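Residue numbers (the working numbering): 5 to 368.
Using N, Cα and C, we set each Cβ at its ideal position, and we do this for glycine too.
A quick note: this is a predicted structure, and the numbers were derived from the prediction, not measured.
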Amino acid sequence: MRVLPVALIFSVTNVLISVKPSNAFCPSKKSFPFNNGFVKTHLKSSASSQILTEKTNILKDFDHFTNDRLPWSEDGYENWSWRGHDINYIEMGDKSKPALLLIHGFGASSYHFRYNIPFLARDYHVFAFDMLGFGLSSKPIQDYSAEVWRDQATDFIREVIGKQTAIAGNSLGGFTALYTAASDTDAKDLIKGCILLNAAGKFMDPDAVLEPETTNEIVEKIKEVFQRFIINLSFVYTKQPARIEQVLKQVYPVAADNVDSELVESIRIPSLDPNAAEVFYRVITKNANGPGVYINNLLEKLDCPLLLCWGEKDPWIRPAAADKIQELLPQSTRISIDAGHCPHDEDPKSVNLAIKDFMNDLEF
Numbered sequence: 005m006r007v008l009p010v011a012l013i014f015s016v017t018n019v020l021i022s023v024k025p026s027n028a029f030c031p032s033k034k035s036f037p038f039n040n041g042f043v044k045t046h047l048k049s050s051a052s053s054q055i056l057t058e059k060t061n062i063l064k065d066f067d068h069f070t071n072d073r074l075p076w077s078e079d080g081y082e083n084w085s086w087r088g089h090d091i092n093y094i095e096m097g098d099k100s101k102p103a104l105l106l107i108h109g110f111g112a113s114s115y116h117f118r119y120n121i122p123f124l125a126r127d128y129h130v131f132a133f134d135m136l137g138f139g140l141s142s143k144p145i146q147d148y149s150a151e152v153w154r155d156q157a158t159d160f161i162r163e164v165i166g167k168q169t170a171i172a173g174n175s176l177g178g179f180t181a182l183y184t185a186a187s188d189t190d191a192k193d194l195i196k197g198c199i200l201l202n203a204a205g206k207f208m209d210p211d212a213v214l215e216p217e218t219t220n221e222i223v224e225k226i227k228e229v230f231q232r233f234i235i236n237l238s239f240v241y242t243k244q245p246a247r248i249e250q251v252l253k254q255v256y257p258v259a260a261d262n263v264d265s266e267l268v269e270s271i272r273i274p275s276l277d278p279n280a281a282e283v284f285y286r287v288i289t290k291n292a293n294g295p296g297v298y299i300n301n302l303l304e305k306l307d308c309p310l311l312l313c314w315g316e317k318d319p320w321i322r323p324a325a326a327d328k329i330q331e332l333l334p335q336s337t338r339i340s341i342d343a344g345h346c347p348h349d350e351d352p353k354s355v356n357l358a359i360k361d362f363m364n365d366l367e368f
């Protein structure tokens, strides 16, 4: 899933390490701690997770009808225990309304939907979580693959939301949303619509010829040591606030002023976690050449309506990716946004209206 937006570190890492090219719609080469102490346990639980529902004070008195932007909190919002790990998430809106789940991209968090959640919560029951290894969620030392985040989304829909929902995601989160909606899981029947915001992933190359790979253990070990050194070095460099701001502005070509101190902090603070560098290394090395599943295959299995809400000036995931999806799934709907890689944060008004129109047409 060579998909390292939301613009945190991939542009540097992609230059510094050798990555086999693919036909992924992903960033181009040239573009480039938190235990919150929740103690009130919800009665709803399962063998794999528990929902902890006591809200932090920062959202306790927040009025999403009069405020258009979420407040940033480095202590997190709400907590869900999943497979023994803390998952930070946000819930907002009338519980009797249709549900909408928002999934962020690489390096970001649920806070990246700061302009979307309040507006959409006026009509829907909105959720957003931090993916395992990102944001204010736990960062365990383990392998990270597309299946980890798909399973997290599946369990979240089934155990936390517990009703029919639409699922949306940006970049890596867009691929996760599509993978979740198309997979034969317990949550598939609950997913009534899928929204891709400049989603990452790769297409199958019909002309590709598979060749047997040969490996040399000594060479591979040297390569691993070198890559670890380079990736860790780039991580230290790119978690600096000035560098985060610089990279973010590369993918906000229309409204660079939207890259403010709170957005930068929402990316910097999680990078201070003791496990952050190792998690970053594992995500990079595991997903550099894309997941083992192609967009083509997922679209074939998708049973729900699909909306492409695409930033047409994305320097990393080009509009040609959306063109290809439309070619493979002609019944999909496409809304072009005058924005870059993160249209939901660069032009939230247009994206919010597009999502609202799409949601209103779904059958809940």
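Within its chain, find whatever has a CB closer than 6 angstroms to the CB of residue i; leave out the 5 residues flanking it on each side and keep chain order.
i, result
"residue 68", "96, 122, 125"
"residue 192", "none"
"residue 2", "Because residue 2 is not part of the residues shown, which for the chain are 5 to 368, the question remains open."
"residue 303", "332, 333"
Can you name, in chain order, every residue of its own chain whose Cβ lies under 7 angstroms from the Cβ of residue i, other than the five neighbours on each side?
i, result
"residue 152", "136"
"residue 260", "253"
"residue 338", "312, 314, 326, 330"
"residue 249", "263, 268"
"residue 50", "Unreliable placement is indicated for residue 50, whose pLDDT of 44 sits below 50; no coordinate value is reported for it."
"residue 76", "115, 266, 269, 270"
"residue 218", "Model confidence at residue 218 stands at a pLDDT of 49, short of 50, so the residue's coordinates are unreliable; what they give is reported in the following sentence. There are no such residues."
"residue 143", "137, 277, 279, 280, 283"
"residue 98", "129"
Assuming residue i contacts residue j (C-beta within less than 8 angstroms), just tell me the rounded distance between them.
i, j, result
"residue 200", "residue 170", "About 12 angstroms; that fails the 8 angstroms criterion."
"residue 165", "residue 133", "About 10 angstroms separates the two Cβ atoms, so there is no contact after all."
"residue 140", "residue 205", "About 25 angstroms; that fails the 8 angstroms criterion."
"residue 113", "residue 265", "Between residue 265 and residue 113 the Cβ distance is about 15 angstroms, and since that is not below 8 angstroms, they are no contact."
"residue 154", "residue 187", "6 angstroms"
"residue 309", "residue 197", "5 angstroms"
"residue 300", "residue 208", "5 angstroms"
"residue 128", "residue 287", "With 8 angstroms as the limit, residue 128 and residue 287 do not qualify as a contact, their Cβ atoms being about 30 angstroms apart."
Is residue i buried or exposed, if buried means 16 or more other CB atoms sit within 10 Å of its CB?
i, result
"residue 368", "exposed"
"residue 359", "buried"
"residue 278", "exposed"
"residue 276", "exposed"
"residue 317", "buried"
"residue 203", "buried"
"residue 365", "exposed"
"residue 244", "exposed"
"residue 13", "Low confidence applies here, because residue 13 scores a pLDDT of 39, under 50, leaving its location unreliable; read the following figure in that light. When all chains shown are included, residue 13 counts as buried."
"residue 100", "exposed"
"residue 363", "buried"
"residue 156", "buried"
"residue 111", "buried"
"residue 88", "exposed"
"residue 104", "buried"
"residue 356", "buried"
"residue 159", "buried"
"residue 71", "exposed"
"residue 307", "exposed"
"residue 185", "buried"
By Cβ distance, which residues of its chain are closer than 8 angstroms to residue i, with the 5 residues on each side in sequence left out?
i, result
"residue 150", "5, 179, 180, 183, 291, 295, 296, 297"
"residue 258", "317, 342, 343, 344, 350, 351"
Can you tell me where the alpha helix (DSSP H) holding residue i begins and where it ends?
i, result
"residue 204", "It is not in any alpha helix (DSSP H) - residue 204 carries neither H nor E in the DSSP assignment."
"residue 275", "Looking at the DSSP string, residue 275 is not in any alpha helix (DSSP H), and its letter there is neither H nor E."
"residue 303", "299-305"
"residue 194", "Premise fails: residue 194 is in no alpha helix (DSSP H) and is neither H nor E."
Where do the ends of the beta strand (DSSP E) carrying residue i lie?
i, result
"residue 169", "169-174"
"residue 282", "Careful: residue 282 lies outside any beta strand (DSSP E), inside the alpha helix (DSSP H) at 280-291."
"residue 94", "89-96"
Kindly examine the ligand ATP and report whether one of its heavy atoms sits closer than 8 angstroms to the Cβ of residue i.
i, result
"residue 185", "Among the components modelled here there is no ligand, and therefore nothing to report on the ligand ATP."
- Secondary structure, beta strand (DSSP E): runs of 3+ residues fully inside the region 105-161: 129-133
- Task: Tell me the start and end of each unbroken alpha helix (DSSP H) in the region 330-365 that is at least 4 residues and wholly inside, in chain order.
- Result: 347-350, 352-364
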